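Below is one structure; the comments refer to it alone.
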Amino acid sequence: MTTGLPATCPRVAVTGHRDLTERTTHLVSSAIHAALAPYGPNLVGVSCLAPGADQIFARTVLELGGRLHAIVAASGYRATLSPDARRTYDELLDRAEWVDTLTLGPPVPASYATANEVMLGAADHLIAVWDGRPARGRGGTAEAVEEARRRAIRVDVMWPRGASRGTPVGATH
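Residue numbers (our numbering): 846 to 1018.
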């Protein structure tokens, strides 16, 4: 996979829900900022750059002067995004210092599960923006949290008071 990742820098990954309401987006942004600020510019943030929690996390890493390691589940992932999410994805991907693209073609649940495994392999801490509900399929937030715990990776679950899931900001449906 990626070479040149600094072994001595803190490497924090993110997993989280995509369907955050506008209010929740603001709550999560504040919580992620507070969690990452102590790391300073030595931070390496590891993210799959999905809309919602992943993109909030990636933007915060960059705002704090950290470096971004992007994990792309499949080469066709970008085509699955709404126009707004695609613009943010492209911006963040362009600013990533390291990019790992895992498979060719469209993403499938196994692609997301593999991306989670690679992401966790590159991290020593996981921030999970998670409502605590069980997994609804492969490659999701609950599965990433379970795997991180199995690997004895530090997991910090964030679900701020008042947070909820629903129609994401900028959704077209």
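Note that CB positions come from ideal geometry on N, CA and C, so glycine has one too. Treat the numbers as computed from the prediction; the structure is a model and nothing was measured.
Reduced DSSP category for residue i - H, G, I as helix; E, B as strand; rest coil
{"i": "L865", "result": "strand"}
{"i": "T925", "result": "helix"}
{"i": "L971", "result": "strand"}
{"i": "T853", "result": "coil"}
{"i": "A880", "result": "helix"}
{"i": "D939", "result": "helix"}
{"i": "R932", "result": "helix"}
{"i": "T870", "result": "helix"}
Residue from the options whose Cα sits closest to the Cα of residue i
{"i": "F902", "options": "T866, G921, A876", "result": "A876"}
{"i": "R923", "options": "L937, H914, L913, T986", "result": "L937"}
{"i": "D945", "options": "A967, L881, G911, G982", "result": "A967"}
{"i": "P952", "options": "A930, R932, D864, A919", "result": "A919"}
{"i": "S874", "options": "A895, R904, G910", "result": "R904"}
{"i": "R856", "options": "G1011, T1012, L971, V1002", "result": "L971"}
{"i": "G921", "options": "T853, D1001, Y957", "result": "Y957"}
{"i": "L906", "options": "T869, L881, T925", "result": "A small fix is needed here, since residue 906 is Val in this sequence, not Leu. Selected option, being the one with the closest Cα: L881."}
{"i": "A895", "options": "L926, L909, T869", "result": "L926"}
Span separating the alpha-carbon of residue i from that of residue j
{"i": "L965", "j": "R999", "result": "11 Å"}
{"i": "H878", "j": "A898", "result": "12 Å"}
{"i": "T1056", "j": "N887", "result": "Lying before the first or after the last residue shown, residue 1056 is absent from the chain, which here runs from 846 to 1018."}
{"i": "E992", "j": "W1004", "result": "19 Å"}
{"i": "Y884", "j": "G977", "result": "26 Å"}
{"i": "S1009", "j": "V990", "result": "19 Å"}
{"i": "G1007", "j": "P928", "result": "28 Å"}
{"i": "G982", "j": "E988", "result": "8 Å"}
{"i": "T933", "j": "H871", "result": "16 Å"}
{"i": "G985", "j": "A955", "result": "10 Å"}
{"i": "G1015", "j": "D864", "result": "In this predicted model, G1015 has a pLDDT of only 49, less than 50, meaning its place in the structure is not dependable enough to derive any value."}
{"i": "R940", "j": "V891", "result": "13 Å"}
Boundaries of the alpha helix (DSSP H) in which residue i is found, first to last residue
{"i": "D1022", "result": "The requested residue 1022 is not part of the displayed model; the chain covers only 846 to 1018."}
{"i": "T986", "result": "986-995"}
Host beta strand (DSSP E) of residue i (start-end)
{"i": "L965", "result": "Taken as a continuous stretch (DSSP letters only), L965 belongs to no beta strand (DSSP E), being part of the alpha helix (DSSP H) at 954-966."}
{"i": "S892", "result": "889-892"}
{"i": "I916", "result": "912-917"}
{"i": "R999", "result": "999-1003"}
Test: residue i CB closer than 8 Å to a CB of chain C
{"i": "V953", "result": "You won't find chain C in this structure, because it holds only one protein chain."}
Any non-hydrogen atom of the ligand GDP closer than 7 Å to residue i Cβ
{"i": "G885", "result": "With respect to the ligand GDP, the structure shown offers nothing to examine, as it has no ligands at all."}
**OP:** Evaluate contact between the region 856-864 and the region 958-976, counting only Cβ atoms and requiring at least three cross-stretch pairs below 8 Å.
**Re:** These segments touch.
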